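Here is the structure we will look at, set down as structure tokens.
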Amino acid sequence: VDEMGGEGTPWLDSGREGQREWSHAKSWYSDKRPKEKQGRRFKLDDCRIWMRLMFWSARQEKLNTHPVFWQWFQDFIAYYIDIYEETAPPFTAQAAGWSTKEENIKKYVSDGYTMKDVIGFHIRDPAEDLDAPHNMW
Numbered sequence: 003v004d005e006m007g008g009e010g011t012p013w014l015d016s017g018r019e020g021q022r023e024w025s026h027a028k029s030w031y032s033d034k035r036p037k038e039k040q041g042r043r044f045k046l047d048d049c050r051i052w053m054r055l056m057f058w059s060a061r062q063e064k065l066n067t068h069p070v071f072w073q074w075f076q077d078f079i080a081y082y083i084d085i086y087e088e089t090a091p092p093f094t095a096q097a098a099g100w101s102t103k104e105e106n107i108k109k110y111v112s113d114g115y116t117m118k119d120v121i122g123f124h125i126r127d128p129a130e131d132l133d134a135p136h137n138m139w
């Protein structure tokens, strides 16, 4: 939050300074993750799923209706998702657009709230794979 600018130091003032690493480790070891993923740092598929859900929730709250904010939000997510997985930023626009198609939401729900099209998919070079059918939203 502090990196976003503005007045004050809300992260420091909240008493949460230094807790980001702890929060991330807690999520890596969460018992809500599949057993085979517990303890594993986030990978490309995790990041793509998270971005899709983040943008979908933002869209539900109508945050996409302000074009300047929506572009800033996508840029912000693209910048910080790199902390978790360096190949994830090129997928930001696709993730932001994924929830614009009702069939994507229906498939997500009917598949038991999983995104089978990205789970386990890892790339070597994001630039050469962006147009592959399994990456399209």
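Be aware that the sequence shown starts at 3, since it is given in this note's numbering, and climbs by one per residue.
Glycine is no exception: its CB is placed at the ideal position from the N, C-alpha and C atoms.
Just so you know, these numbers come straight off a predicted model, no measurement behind them.
When we look at the beta-carbon of T89 and count the other beta-carbons within 10 Å, is it buried (16 or more) or exposed? Start at 1 with the first residue of the sequence shown, and residue 89 comes out as number 87. So T89 ends up on the buried side.
Mark Y115 as exposed unless 16 or more other C-beta atoms lie within 10 angstroms of its C-beta, in which case mark it buried. Numbered from 1 along the sequence shown, position 113 holds the residue referred to as residue 115. Residue environment analysis places Y115 among the exposed positions, since fewer than 16 neighbouring C-beta atoms fall within 10 angstroms of its C-beta.
Please say whether R61 and M117 have beta carbons closer to each other than 8 Å? The sequence position of residue 117 within the sequence shown is 115, counting from 1. The sequence position of residue 61 within the sequence shown is 59, counting from 1. Their beta carbons are not under 8 Å apart, which means M117 does not touch R61 by this criterion.
Does the stretch 27 to 42 come within contact of the stretch 68 to 76, defined as at least 3 CB pairs closer than 8 Å? Proximity of the stretch 27 to 42 to the stretch 68 to 76 falls short of the contact definition, fewer than three beta-carbon pairs being nearer than 8 Å.
At the level of alpha carbons, what is the spacing between H26 and K64? Working through the sequence shown from its first residue, we reach residue 26 at position 24. Working through the sequence shown from its first residue, we reach residue 64 at position 62. Spanning the alpha carbons of H26 and K64 requires a straight line of approximately 28 Å.
Assuming I107 and L46 form a contact by the criterion Cβ under 8 Å, report the distance between their Cβ atoms to the nearest whole angstrom. For the purposes of this step, residue 107 is taken as residue 105 along the sequence shown, with counting starting at 1. For the purposes of this step, residue 46 is taken as residue 44 along the sequence shown, with counting starting at 1. Wrong, their Cβ atoms sit about 22 Å apart, outside the cutoff.
Within 8 Å, strictly: CB atoms of V120 and R43: Along the sequence shown, one-based indexing puts residue 120 at 118. Along the sequence shown, one-based indexing puts residue 43 at 41. In this structure, the beta-carbon distance from V120 to R43 does not fall below 8 Å.
On the three-state DSSP scale, how would you describe P92? Taking the sequence shown and counting its residues from 1, the one referred to as residue 92 is at position 90. Helix, per DSSP.
Delimiting residues of the alpha helix (DSSP H) encompassing V120: Working through the sequence shown from its first residue, we reach residue 120 at position 118. Looking at the DSSP string, V120 is not in any alpha helix (DSSP H), and its letter there is neither H nor E.
May I have the straight-line CA-CA distance separating P92 from A80, to the nearest angstrom? Position 90 of the sequence shown, counted from the start, is the residue given in the question as residue 92. Position 78 of the sequence shown, counted from the start, is the residue given in the question as residue 80. Going from the Cα of P92 to the Cα of A80 covers about 8 Å.
Counting only runs that start and end within the stretch 44 to 95, where is the alpha helix (DSSP H) found for 4 or more residues in a row? Correct list: 46 to 62 and 69 to 83.
For T67 and A95, what's the separation of their Cα atoms in angstroms? Here the question's residue 67 lines up with position 65 in the sequence shown. Here the question's residue 95 lines up with position 93 in the sequence shown. Taken atom to atom, the span from the alpha-carbon of T67 to that of A95 is near 16 Å.
Among I85, D113 and Y110, nearest to E23 - alpha-carbon criterion: As a first step, residue 23 must be located in the sequence shown, where it is residue number 21. Of I85, D113 and Y110, the residue nearest in Cα terms is I85.
How about W58 and S112: are their beta carbons less than 8 Å apart? The sequence position of residue 58 within the sequence shown is 56, counting from 1. The sequence position of residue 112 within the sequence shown is 110, counting from 1. Against a cut-off of 8 Å, the Cβ pair of S112 and W58 comes out as no contact.
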